[in-house]
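Here the structure is laid out as structure tokens; the discussion comes afterwards.
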Amino acid sequence: MLDVVNIHKAFFPGTINEKVALAGVDLHLDEGDFCTVIGSNGAGKSTLLNTISGRYRPDGGAVKIDGQRVDRLPDYKVARHVARVFQDPMAGTAAHMTIEENLALALGRGTTRGLGPGITQAKRSFFRERLAVLEQGLEDRLTTKVGLLSGGQRQALSLVMATFSNPKMLLLDEHTAALDPQRAELITRLTRELVAEKGLTTLMVTHNMGQALRLGNKLIMMHEGRIILELGGEDKAAASVEDLMAEFDKIKGVQLSDRTLLA
């Protein structure tokens with residue numbers, strides 16, 4: 001389904017400020033795989049997501065989705081197949097628009113729009129149904145401006161919007177990091193439920209090792225632009241946070257920060 005083949009990406013190449021972000025990354029995900037991504041700061045995690053989504057063009061290598069190369073396509077074309085939720089709750093929604101207007105835009109993603117009504121009663125009923133599972137009361141606030149919502153509510157809305165169009169891939173870039181623990185746990189639960197319900201192929205970056213072990217069926221660890229560890233199946237299920245830290249220290253001799261110990 002997803003094939004990342006020998007991807008290289010450097011910033012400011014050929015200068016004293018050159019920074020190699022990805023150094024020959026290879027990754028394969030089958031349809032329905034849920035892979036969590038961990039690693040030290042600057043390991044290349046977000047750059048990997050940016051390359052898959054089309055935001056960055058790789059210097060070398062290829063990105064394929066369902067066998068089709070997408071690494072040379074503009075990001076708006078890649079967005080027809082790849083949805084993304086960012087760390088910043090403000091990034092995935094339009095603050096000046098209402099909840100139902102945001103949802104209508106997400107629902108029409110990747111489709112040809114006509115001149116008919118953008119929001120029908122049938123769509124409103126559908127929106128209420130999808131929002132009710134969030135348990136945030138948003139189904140009764142369809143005409144509320146999104147800018148008036150809390151960070152947790154906006155992130156929950158972003159997650160629903162990202163999965164509306166049943167994308168081929170869902171990219172989650174530390175999407176719970178900016179939330180308080182209670183809201184983060186809610187978004188984590190919603191993530192698990194939505195991904196399972198729709199069978200979405202998902203790549204999720206997180207600094208939380210406990211979260212990385214609890215979610216998904218695969219895990220990769222990155223360091224200095226490379227994947228240094230891959231776990232799946234029984235190996236992932238049996239692993240602990242301490243195991244991951246010991247493995248990282250053994251491979252690279254670098255001690256991870258205490259932040260990664262959050263469970």
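Take 1 as the starting number for the sequence shown in the UniProt record's numbering and just add one per residue. C-beta atoms are modelled at their ideal positions from N, C-alpha and C, and glycine is treated no differently. Small disclaimer: the values here were computed from a predicted structure and weren't measured.
Note: L22 is bridge-paired with K9 in the DSSP secondary-structure output.
Taken through DSSP and simplified to helix, strand or coil, D75 comes out as helix.
By the Cβ neighbour-count rule, D71 is buried, with 16 or more other Cβ atoms within 10 Å of its own. Put simply, the backbone Cα of G210 is about 8 Å away from that of S240. Membership of R189 in the alpha helix (DSSP H) is indicated by the continuous run 181 to 198.
Short of 7 Å from the beta carbon of D33, and not among the five residues preceding or following it, lie these beta carbons of its own chain, in chain order: T201, N217, K218.
Three or more beta-carbon pairs separated by less than 8 Å are not found between the stretch 137 to 144 and the stretch 73 to 88, which leaves the two stretches without contact.
Per the coordinates, the alpha-carbon of E174 lies some 7 Å from the alpha-carbon of F86. Straight through space, the alpha carbons of E197 and F248 are spaced by roughly 33 Å. Cα atoms of G54 and G14: separation of roughly 23 Å, rounded to the nearest angstrom. Boundaries of the alpha helix (DSSP H) around M161: 151 to 164. Put simply, the stretch 94 to 101 does not touch the stretch 169 to 185. Fewer than three CB pairs are less than 8 Å apart.
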